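Data first, discussion second: the structure below is written as structure tokens.
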Amino acid sequence: MGILTSSTLRVWTVWTLGRVLLIIVAVGVLRVPHTDVASDVKVIYQGWAEVLRTGTFPMDDVTWQYPPLAGLLILLPLWMPGSYFVMFLVLVGVFDAAALLLLLRAGRGSRAGAWLWAAAVPLIGPTVYCRFDLPVTTVAIAATLALPGRPRWAGVLAGLGAMLKVWPVLVLTGASPRRHAAWRAWAACAATCAAVCFAAAVTTHGAFSFLGFQGSRGIEIESLGALPFYYGSVAGVWHGRTAMHYGSLEFLGPHVRTAGLIMLGTTLLAFGFLLLWRWHNRVWTAATVADAALTAVLLFTVTSRVISPQYMIWVLGGAAVCLTVPRTRMRPVAWILVAAAPLTVLEFPLFWGELVRRSVLGTSLISARDLLLLAAAAVACVRLWRTNDDAELVRGPSAPPARPSATVP
């Protein structure tokens, strides 16, 4: 694995320095003006944990919008010695280090994926250590890396991730059809989800209340669907408002419901594209698995009605996995995502007030970040669709066509 090589030590040094900076900001040694980035952990998460320890989910809290296994993750810091907030930071740090270890092991002589994870994650800002998305992303990274060689284990991991925050199930998008690997991965995922749901149903109350809360969300002010309302506000032609609604700041007013329906429609189109790609694709390699996973997560993110800052960790994790595979087609996508990361910390928490006021500065920041994400998704789709070109280049124009499974390792 090369754990003690000089290049590996440099990666760990950068990782450590970046995480120390994140924690310094999170605990308040360095303060972000007008914003307490740790309030979600100190108030919301700890409050949820106190409810969860009684054997019931926060059924009366519309901000609880997560599958049942997320309750266990929220409870863990309460069972550890020390304050809830400090133990939460420790828990996230452990998962963060585990993700780096996985990427180093998967690098096969290349440290590009590990470097991206070490250096780019801090660019998102302290939010990544004050939400539970980083542990979820670590599970998704493990599932993606396991999928080419151990599809059942990948399915179990993806199922556990889905029971934390749904989206990790998307990493199975590129599962190979050879030897029924895709079927085994999806079956293991479904069985894992069913087992978790059954355990939650018989041991707790309100495990599935999140379904109603999640479906009622509108257009959050950081999402791609929010951009027309920013432009309309700046131009003086849209006169809605921003308000807390189902746990996040959303736009409320004329045409918002229509925009929400359009975003749901684009999500369906995105899934349609992925299904069409699977039908069209004939190349199934480790690169296919990683590239398809990143593309699927990107499409899910940009078409969502909510793009919170911590969502960036999802796509950076997927990009890091892609960079561990020599023949990935997603290198340009990875660098676009790296460029979007510092814009995220600018829009939240540094200039959050400008977004709420819908000022020109706030509109410019969120436009730049979201349009970069849209560009990354578009490039990813094009490059994923051209996966078959690799096989054509290898075979040459006069070579006989290869069987669909011939390039599978």
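In the working numbering, the protein residues as written are 2 to 410. A virtual CB, placed ideally from N, CA and C, is assigned to each residue, including glycine. Fair warning: this is a prediction, and the values are worked out from it, not measured in the lab.
Compute the Euclidean distance between the alpha carbons of residue i and residue j, then round it to the nearest angstrom.
{"i": "residue 20", "j": "residue 28", "result": "12 Å"}
{"i": "residue 183", "j": "residue 248", "result": "36 Å"}
{"i": "residue 208", "j": "residue 197", "result": "10 Å"}
{"i": "residue 235", "j": "residue 114", "result": "40 Å"}
{"i": "residue 71", "j": "residue 166", "result": "7 Å"}
{"i": "residue 281", "j": "residue 386", "result": "8 Å"}
{"i": "residue 119", "j": "residue 340", "result": "15 Å"}
{"i": "residue 124", "j": "residue 255", "result": "35 Å"}
{"i": "residue 1", "j": "residue 243", "result": "Nothing can be reported for residue 1, as the shown portion of the chain is limited to 2 through 410."}
{"i": "residue 262", "j": "residue 251", "result": "15 Å"}
{"i": "residue 195", "j": "residue 201", "result": "10 Å"}
{"i": "residue 246", "j": "residue 328", "result": "44 Å"}
{"i": "residue 205", "j": "residue 66", "result": "16 Å"}
{"i": "residue 103", "j": "residue 273", "result": "31 Å"}
{"i": "residue 286", "j": "residue 179", "result": "11 Å"}
{"i": "residue 55", "j": "residue 203", "result": "14 Å"}
Spatial neighbours of residue i within its chain, please: CB distance less than 6 Å, with the 5 preceding and 5 following residues excluded, ordered by chain position.
{"i": "residue 153", "result": "185, 189"}
{"i": "residue 6", "result": "none"}
{"i": "residue 271", "result": "300, 304"}
{"i": "residue 107", "result": "146, 325"}
{"i": "residue 23", "result": "123, 127, 130"}
{"i": "residue 157", "result": "189, 193"}
{"i": "residue 384", "result": "330"}
{"i": "residue 89", "result": "42, 78"}
{"i": "residue 172", "result": "141, 144, 145, 159, 294"}
Taking the alpha helix (DSSP H) that residue i falls in, what are its first and last residues?
{"i": "residue 101", "result": "85 to 107"}
{"i": "residue 368", "result": "361 to 386"}
{"i": "residue 281", "result": "257 to 281"}
{"i": "residue 252", "result": "Residue 252 -> not in any alpha helix (DSSP H); beta strand (DSSP E) instead, spanning 249 to 253."}
{"i": "residue 411", "result": "The chain is shown only over 2 to 410; residue 411 falls outside these bounds and no answer can be derived."}
{"i": "residue 164", "result": "152 to 166"}
{"i": "residue 176", "result": "Neither: residue 176 is in no alpha helix (DSSP H) and is coded neither H nor E."}
{"i": "residue 313", "result": "313 to 324"}
Once you ignore the five residues that flank residue i on each side, which residues in its own chain have a CB closer than 7 Å to its CB?
{"i": "residue 45", "result": "64"}
{"i": "residue 85", "result": "47, 50, 78, 79"}
{"i": "residue 381", "result": "295, 296, 299, 331, 334"}
{"i": "residue 94", "result": "20"}
Should residue i and residue j be called a contact, given that it needs their Cβ atoms to be closer than 8 Å?
{"i": "residue 131", "j": "residue 62", "result": "no"}
{"i": "residue 377", "j": "residue 338", "result": "yes"}
{"i": "residue 320", "j": "residue 175", "result": "no"}
{"i": "residue 322", "j": "residue 142", "result": "yes"}
{"i": "residue 1", "j": "residue 144", "result": "This structure cannot speak to residue 1, because the chain is shown only from 2 to 410."}
{"i": "residue 310", "j": "residue 150", "result": "no"}
{"i": "residue 135", "j": "residue 199", "result": "no"}
{"i": "residue 371", "j": "residue 212", "result": "no"}
{"i": "residue 75", "j": "residue 53", "result": "yes"}
{"i": "residue 223", "j": "residue 314", "result": "no"}
{"i": "residue 155", "j": "residue 169", "result": "no"}
{"i": "residue 232", "j": "residue 364", "result": "yes"}
{"i": "residue 112", "j": "residue 8", "result": "yes"}
{"i": "residue 374", "j": "residue 302", "result": "yes"}
For residue i, count neighbouring Cβ atoms within 10 angstroms of its own Cβ and tell me buried if that reaches 16, exposed if not.
{"i": "residue 344", "result": "buried"}
{"i": "residue 258", "result": "exposed"}
{"i": "residue 357", "result": "exposed"}
{"i": "residue 139", "result": "buried"}
{"i": "residue 277", "result": "exposed"}
Locate the beta strand (DSSP E) running through residue i, then write down its first and last residues.
{"i": "residue 223", "result": "Taken as a continuous stretch (DSSP letters only), residue 223 belongs to no beta strand (DSSP E), as it is neither H nor E."}
{"i": "residue 8", "result": "Not the beta strand (DSSP E): residue 8 falls in the alpha helix (DSSP H), residues 7 to 27."}
{"i": "residue 193", "result": "Counting along the chain, residue 193 falls outside any beta strand (DSSP E), though it belongs to the alpha helix (DSSP H) covering 182 to 204."}
So, at 8 Å on beta carbons, what are the nonlocal neighbours of residue i in its own chain, with the 5 sequence-adjacent residues on each side left out?
{"i": "residue 38", "result": "26, 27, 126, 127, 128, 131, 350"}
{"i": "residue 289", "result": "175, 177, 282, 388"}
{"i": "residue 98", "result": "16"}
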